[in-house]
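**Q** Quick one: this structure, given as structure tokens, is what I'll be asking you about.
Okay, structure coming up:
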């Protein structure tokens with residue numbers, strides 16, 4: 001069961017702690033003080049003299065399932081949604097794209113695993129992408145004579161794959177879109193880019209930096225079977241974890257038009273799958289933050305000091 005603190009507490013331990021029901025214990029650690037009220041709640045706060053200047057509620061005890069439910073996530077979502085709405089109202093750019101909200105996962109240690117340009121798929125209940133009204137470009141694998149490109153265009157047309165406005169093969173990417181200016185124009189010509197998952201590792205070199213600066217990395221699609229339309233819908237019904245080799249992972253989690261409840265549901269769903277890719281799962285997570293492209297990062301979860309020995313369950 002996914003929890004906000006990630007801690008699976010053994011029943012025997014809870015029975016023993018139950019003898020101290022209602023009592024609260026706190027432990028100061030540098031900036032934060034952590035407080036546990038037995039079978040009631042967990043929080044962290046900062047004191048300046050006799051005044052509490054910041055506080056984060058980490059969870060409540062529930063007798064039915066021993067689950068700690070997160071409250072920090074919807075609070076952060078509400079703040080970011082308000083911030084994004086104000087920015088949109090004050091903007092004079094009529095073509096400005098809708099703000100994205102990101103989940104940042106900070107790991108305790110840099111994983112001893114190589115960089116992976118093929119992202120991990122994280123299913124979410126509320127899709128970030130809409131086929132309706134979007135201009136979508138599909139990158140496909142092709143041979144020296146562009147045969148794969150032609151076959152892909154015919155398949156998109158014959159299957160009436162929704163939303164695909166343009167199909168470009170790797171050979172054309174190398175020839176027609178070789179210059180920086182051509183790549184920049186291509187990046188700005190479409191709302192969304194999809195790519196055959198088999199060519200994904202080659203795209204960073206073929207597309208250049210523009211796509212990654214604009215955060216328009218192509219979304220991987222499985223095109224080896226039938227029913228490409230279903231595969232496109234499956235690809236758009238998820239977000240993706242890119243493993244860059246450092247200790248910070250950034251995941252697109254919501255749009256500014258989402259409700260705070262939708263943001264929370266996407267956060268929990270994405271984390272549930274992402275933890276399977278993180279060494280030591282919850283024990284390897286130092287902190288979670290939420291932010292827009294240019295907002296401050298708002299804390300969602302902070303691992304307690306010395307928590308390496310706790311058992312974590314996703």
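Residue numbers (UniProt numbering): 1 to 314.
From the three backbone atoms N, C-alpha and C, an ideal C-beta is built for every residue, glycine too.
1. How many Å lie between residue 70 and residue 199 at the Cα?
2. Roughly how many angstroms separate the alpha carbons of residue 68 and residue 59, rounded to a whole number?
3. I'd like the span of the beta strand (DSSP E) that includes residue 193, first residue to last.
4. Please state the DSSP three-state secondary structure of residue 285.
5. Using DSSP with H/G/I as helix, E/B as strand and the rest coil, what is residue 189?
6. Considering only residues of the same chain and omitting the five flanking positions on each side of residue 270, which have a CB-CB separation below 7 angstroms?
7. With a Cβ-Cβ cutoff of 8 angstroms, do residue 139 and residue 204 count as a contact?
8. I'd like to check one pair, residue 266 with residue 106: are the Cβ atoms closer than 8 angstroms?
9. Mind pulling the alpha helix (DSSP H) runs of 4 or more residues that sit fully within the stretch 222–288?
10. Note down, in chain order, each residue of its chain lying with its Cβ closer than 6 angstroms to the Cβ of residue 164, except the 5 sequence neighbours on either side.
11. Taking the beta carbon of residue 31 as the centre, do at least 16 other beta carbons fall within 10 Å, making it buried, or is it exposed?
12. If residue 80 and residue 295 are in contact, beta carbons under 8 angstroms, what's the gap, nearest whole angstrom?
13. Could you name the residues that DSSP lists as bridge partners for residue 29?
14. Output yes or no for whether 8 angstroms exceeds the beta carbon distance between residue 293 and residue 159.
15. Among the candidates 152, 286, 221, 174, whose CA atom is the shortest distance from the CA of residue 234?
16. Run through DSSP, which three-state label would residue 40 get?
17. Work out the CA separation of residue 206 and residue 196 for me, nearest whole Å.
18. Take residue 82 as the anchor and find which of 176, 291, 281 has the nearest alpha-carbon.
19. DSSP puts residue 158 in a beta bridge; with which residues?
20. State the DSSP-derived secondary structure class of residue 46, mapped to helix, strand or coil.
21. From which residue to which residue does the alpha helix (DSSP H) around residue 166 run?
22. Can you find the residues in the same chain that come closer than 7 angstroms, C-beta to C-beta, to residue 319, ignoring five residues on each side of it along the sequence?
23. Please list, in chain order, all residues of the same chain as residue 242 whose beta carbon is under 6 angstroms from its beta carbon, the five residues on each side excluded.
24. Counting C-beta neighbours from all protein chains within 10 Å, is the total for residue 278 16 or more, i.e. buried, or is it exposed?
25. Rounding to the nearest angstrom, what Cα-Cα distance links residue 202 and residue 35 in this structure?
**A** Let me spell this out:
1. Any answer about residue 70 is weak, because its pLDDT of 47 lies below 50 and its placement is not dependable; what the coordinates show is given next. Rounded to the nearest angstrom, the two C-alpha atoms are 39 angstroms apart.
2. Per-residue confidence for residue 68 stands at a pLDDT of 32, beneath the threshold of 50, marking its modelled position as unreliable; no derived number is given.
3. Membership of residue 193 in the beta strand (DSSP E) is indicated by the continuous run 192–196.
4. strand
5. helix
6. 103, 122, 124, 239, 251, 253
7. no
8. Contact: no.
9. 228–236, 260–274
10. 136, 138, 156
11. exposed
12. 6 angstroms
13. 32
14. No, these two residues do not count as a Cβ contact at 8 angstroms.
15. 221
16. coil
17. 14 angstroms
18. 291
19. In DSSP, residue 158 forms no bridge with anything.
20. strand
21. Per DSSP, residue 166 belongs to no alpha helix (DSSP H); it is in the beta strand (DSSP E), 164–169.
22. Outside the shown range of the chain (1 to 314) lies residue 319, about which nothing can therefore be said.
23. The answer, listed in chain order, is 119.
24. The residue is buried, with at least 16 neighbouring Cβ atoms inside 10 Å.
25. 50 angstroms
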